[in-house]
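Enquirer: In the numbering used here, the protein residues as written are 477 to 777.
By construction, the Cβ of each residue, glycine as well, lies at the ideal position given by its N, Cα and C atoms.
Since the structure is predicted, the reported quantities are computational estimates derived from the model, not experimental observations.
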Ligand code: PMP
């Protein structure tokens with residue numbers, strides 16, 4: 477791959493309260509977060525220089541850490557300001573924003589009660605794919621072998637690095653089999669989500685989507701459900717078994733990275749991206765764009 481590795485780029489990364497040169501944003505190989513998975517992160521997007529739902533993401537980051545029994549030593553307001561600073565300092569307007577927090581090197585065993593908590597924020601260029609014609613072709617999904625764990629077995633409301641182990645394995649297997657991604661079932665065999673996005677279906681003009689009781693209730697998912705309701709589309713959050721996929725008309729996934737992306741195939745099941753997917757792609761595109769007021773307010777600062 478000719479893409480410049482992420483540790484070799486230029487720019488600035490915010491690390492533990494200060495901006496540092498991109499290449500100097502390092503951690504030691506003996507870090508608790510690396511060995512024991514005590515690490516949480518966020519994935520956000522800025523549109524026109526404004527981070528979409530920045531506060532909600534900062535709140536989720538703090539909550540994710542709490543669920544892993546550590547506290548991020550910055551307030552939501554401080555995190556929001558730091559993210560804005562990194563976006564501006566790197567001269568980006570449409571980009572991806574990656575805050576990450578992890579336990580450091582003071583203790584290297586299961587117990588790490590006194591390890592320091594580190595926080596870094598990086599941003600990089602990642603254009604959104606708002607070419608609606610391409611999107612409407614839909615992506616193809618495999619069905620993953622791994623399932624989302626029982627909430628009794630993992631802190632599943634945390635966006636914790638450790639919970640992505642089964643996502644990477646599942647995504648690799650899907651890619652090897654020629655699919656874009658994999659849909660995961662949950663520990664009870666119900667439809668859950670994809671490896672990095674939530675999933676929704678359409679039947680007879682209504683949306684059906686799994687209850688987010690053992691996987692991330694995505695900020696995009698919540699936004700899209702709100703947009704659907706505002707557009708007069710009924711949303712049913714309920715238990716969905718995989719056999720039911722046979723009877724659904726449309727399917728789409730949503731997440732900060734995926735935005736709203738229609739699906740044409742999941743294993744043996746077929747869908748035709750249609751009016752509701754299109755309506756929600758358009759509504760989401762409008763929703764994330766900063767308003768004229770917001771942009772001019774920023775400029776006048
Ligand atoms: N599920 C998983 C496993 C994810 O990684 C993501 C992306 N953060 C989502 C759902 C969607 O979350 P959001 O809409 O908040 O990006």
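Are the beta-carbon atoms belonging to residue 608 and residue 757 less than 8 Å from one another?
Expert: Yes, the pair counts as a contact, with Cβ atoms nearer than the cut-off.
Enquirer: Would the stretch 645-662 and the stretch 546-566 be scored as touching if the rule is three or more Cβ pairs under 8 Å?
Expert: Short answer: they don't touch.
Enquirer: Closest to residue 593 by CA distance: which of 585, 580 and 584 is it?
Expert: Per the Cα distances, 580.
Enquirer: Who does residue 522 pair with in a DSSP beta bridge?
Expert: Bridge partners of residue 522: 527 and 571.
Enquirer: Comparing C-alpha positions only, which one of 524, 491, 521 and 673 sits nearest to residue 693?
Expert: The shortest C-alpha separation from residue 693 is found at 673.
Enquirer: Could you give the DSSP three-state label for residue 759: helix, strand or coil?
Expert: It is helical.
Enquirer: Mapping DSSP to helix, strand and coil, what is residue 751?
Expert: Looking at residue 751 - three-state DSSP - the assignment turns out to be helix.
Enquirer: Taking the beta strand (DSSP E) that residue 516 falls in, what are its first and last residues?
Expert: Note, residue 516: beta strand (DSSP E), 515-517.
Enquirer: By Cβ distance below 6 Å, which residues in the same chain neighbour residue 701 in space, the five residues on each side in sequence not counted?
Expert: Excluding positions up to five away in sequence, the list reads 711.
Enquirer: Are the beta-carbon atoms belonging to residue 730 and residue 739 less than 8 Å from one another?
Expert: It is not a contact, given that the beta carbons lie outside the stated cut-off.
Enquirer: Suppose the cutoff is 7 Å on Cβ atoms and the five residues either side in sequence are ignored; what does the same chain contact list for residue 486 look like?
Expert: Here the set comprises 498.
Enquirer: Near residue 556, which residues of its chain fall below 7 Å by C-beta distance, leaving aside the five closest residues on each side in sequence?
Expert: Cβ within range, chain order: 530, 531 and 534.
Enquirer: Hey, out of 514, 707 and 483, whose CA is closest to residue 590's CA?
Expert: Measuring from the Cα of residue 590, the nearest candidate turns out to be 514.
Enquirer: What distance in whole Å lies between the Cβ atoms of residue 623 and residue 663, which are believed to be in contact at a cut-off of 8 Å?
Expert: About 5 Å; that satisfies the 8 Å criterion.
Enquirer: Near residue 643, which residues of its chain fall below 7 Å by C-beta distance, leaving aside the five closest residues on each side in sequence?
Expert: So the list reads 671 and 672, once near-sequence residues are dropped.
Enquirer: Does the stretch 710-726 come close enough to the stretch 536-548 that 3 or more CB-CB pairs lie under 8 Å?
Expert: Flag = no, the stretch 536-548 and the stretch 710-726 do not touch.
Enquirer: Anyone know if the C-beta pair for residue 573 and residue 527 falls short of 8 Å?
Expert: Their beta carbons are under 8 Å apart, which means residue 573 touches residue 527 by this criterion.
Enquirer: Flag residue 635 as yes when its Cβ comes closer than 7 Å to any non-hydrogen atom of the ligand PMP, and as no otherwise.
Expert: Yes, the Cβ of residue 635 comes within 7 Å of a heavy atom of the ligand PMP.
Enquirer: Straight-line CA distance for residue 619 to residue 647?
Expert: So the alpha carbons of these two residues sit roughly 10 Å apart.
Enquirer: List the whole-angstrom C-beta distance separating residue 571 from residue 600, where the pair is believed to meet the contact cut-off of C-beta under 8 Å.
Expert: At roughly 6 Å, the Cβ-Cβ gap stays under 8 Å, so residue 571 and residue 600 are in contact.
Enquirer: Can you tell me which of the three DSSP states residue 776 falls into?
Expert: Only weak support is given to the placement of residue 776: the predicted model assigns it a pLDDT of 38, under 50, and the question is left unresolved by the model.
Enquirer: Apart from the five residues just before and just after residue 488, which ones in its own chain have a Cβ nearer than 8 Å to its Cβ?
Expert: Cβ neighbours of residue 488 beyond the five flanking positions: 495, 496, 497, 498, 562, 565 and 566.
Enquirer: Hey, is residue 724 close to the ligand PMP, as in C-beta under 7 Å from one of its heavy atoms?
Expert: Answer for residue 724: no, Cβ out of range of the ligand PMP.
Enquirer: Which parts of the stretch 634-718 are runs of the alpha helix (DSSP H), unbroken and 4 residues or longer, counting only runs that do not cross its ends?
Expert: You should have 641-652 and 695-706.
Enquirer: Which residues bound the beta strand (DSSP E) around residue 737?
Expert: Looking at the DSSP string, the run of the beta strand (DSSP E) that includes residue 737 is 735-742.
Enquirer: Let me check understanding here. Comparing Cα to Cα, which of 595, 508, 754 and 621 lies closest to residue 709?
Expert: It is 754 whose Cα lies nearest to the Cα of residue 709.
Enquirer: Classify residue 586: buried if its beta carbon has 16 or more other beta carbons within 10 angstroms, exposed otherwise.
Expert: Classification for residue 586: exposed.
Enquirer: Taking 7 Å as the cut-off, is the beta-carbon of residue 643 closer than that to any non-hydrogen atom of the ligand PMP?
Expert: For the ligand PMP, at least one heavy atom lies less than 7 Å from the Cβ of residue 643.
Enquirer: If you follow the alpha helix (DSSP H) that residue 558 is part of, which residue opens it and which one closes it?
Expert: Taken as a continuous stretch (DSSP letters only), the alpha helix (DSSP H) holding residue 558 covers 552-565.
Enquirer: Can you give the beta carbon distance from residue 576 to residue 544, rounded, assuming they're within the 8 Å contact cut?
Expert: With a Cβ gap of about 13 Å, residue 576 and residue 544 do not count as contacting.
Enquirer: Can you grab the Cα-Cα spacing for the pair residue 490 / residue 637, in whole Å?
Expert: Spanning the two alpha carbons is a distance of roughly 19 Å.
Enquirer: Regarding residue 673 and the ligand PMP, is the C-beta to nearest heavy atom distance less than 7 Å?
Expert: True, at least one ligand heavy atom lies under 7 Å from that Cβ.
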